[in-house]
Amino acid sequence: MKLDPFYLIVDRASWLPRLLPQGVKLVQLRAKEMDEAQLRGEIALAREVCARYGAQLVVNDYWRLALELGCDFIHLGQEDLAEADLAAIAKAGVKLGISTHDEDELEIALRANPAYVALGPVYPTILKKMKWAPQGLERVTAWKKRIGDLPLVGIGGLTIERAPGVLRAGADSVAVVTDVLLNAEPEARAREWVHATREVAA
Numbered sequence: 000m001k002l003d004p005f006y007l008i009v010d011r012a013s014w015l016p017r018l019l020p021q022g023v024k025l026v027q028l029r030a031k032e033m034d035e036a037q038l039r040g041e042i043a044l045a046r047e048v049c050a051r052y053g054a055q056l057v058v059n060d061y062w063r064l065a066l067e068l069g070c071d072f073i074h075l076g077q078e079d080l081a082e083a084d085l086a087a088i089a090k091a092g093v094k095l096g097i098s099t100h101d102e103d104e105l106e107i108a109l110r111a112n113p114a115y116v117a118l119g120p121v122y123p124t125i126l127k128k129m130k131w132a133p134q135g136l137e138r139v140t141a142w143k144k145r146i147g148d149l150p151l152v153g154i155g156g157l158t159i160e161r162a163p164g165v166l167r168a169g170a171d172s173v174a175v176v177t178d179v180l181l182n183a184e185p186e187a188r189a190r191e192w193v194h195a196t197r198e199v200a201a
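When you line the sequence shown up against numbering that gives the first Met the number 0, it's residues 0 to 201, in that order.
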């Protein structure tokens, strides 16, 4: 499969009517600190808005709700992967993205037959405290060589200035959170990301 080179991650579905019209075609909903009813509403709304704009929705963590609501793509971290029913996910025909941070985690991810693997943090990140040091561009290249045609997503500390280097190093897509969501003009910033990444990927 082929991923859009710009992979936006949002914490609320309310971002989507603002940012998807800017040309965003691949988005992950990473909603935290909600009860199940709220999460169900968030995922349902995100699915609806993504369908309206022809964007691919990836649901982070909540694979049971994603299956229940008919979503077709989920993303799991290593802890969630260990607890997930991979057979049920595969039976539903749902694609799976998996976070990886070191060689052991990559091996675990590859055994799960993912649609893509994410490598991070490529650069230092302010989003969350990480026990892993920044991976750097050489690791991006090495991992892409290791996984071949399987799409590789680079994440962590990415800016528009850094993104072309990550894509040229071997990543198929670059995932972004704070550089858009914390920007004073997130709509304009999303447009810049779309243009910058597609120019490199073209």
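No residue lacks a Cβ here, since even glycine has one placed at the ideal position from N, Cα and C.
message: By the three-class DSSP mapping on this structure, what secondary structure does H100 have?
response: coil
Residue burial classification, G156 (beta-carbon count within 10 angstroms, cutoff 16): buried
query: If you drop the 5 nearest sequence neighbours on each side, which residues of the same chain put their C-beta closer than 8 Å to that of E191?
result: I159
Cβ separation of A96 and A117, assumed to be a contact under 8 Å, to the nearest whole Å: Reading the sequence as shown, one finds Gly at residue 96 and not Ala. The pair is a contact, with the Cβ atoms about 6 Å apart (cut-off 8 Å).
Contacts around T140, its chain only, beta-carbon distance under 7 Å, and the 5 residues preceding and following it disregarded: A168, G169
- request: Give the range of the alpha helix (DSSP H) segment to which G22 is assigned.
  value: Run containing G22: none; DSSP gives neither H nor E here.
field: Extent of the continuous beta strand (DSSP E) to which A117 belongs
entry: 115 to 118
message: Would A12 and L44 be called neighbours here (beta carbons separated by less than 8 Å)?
response: yes
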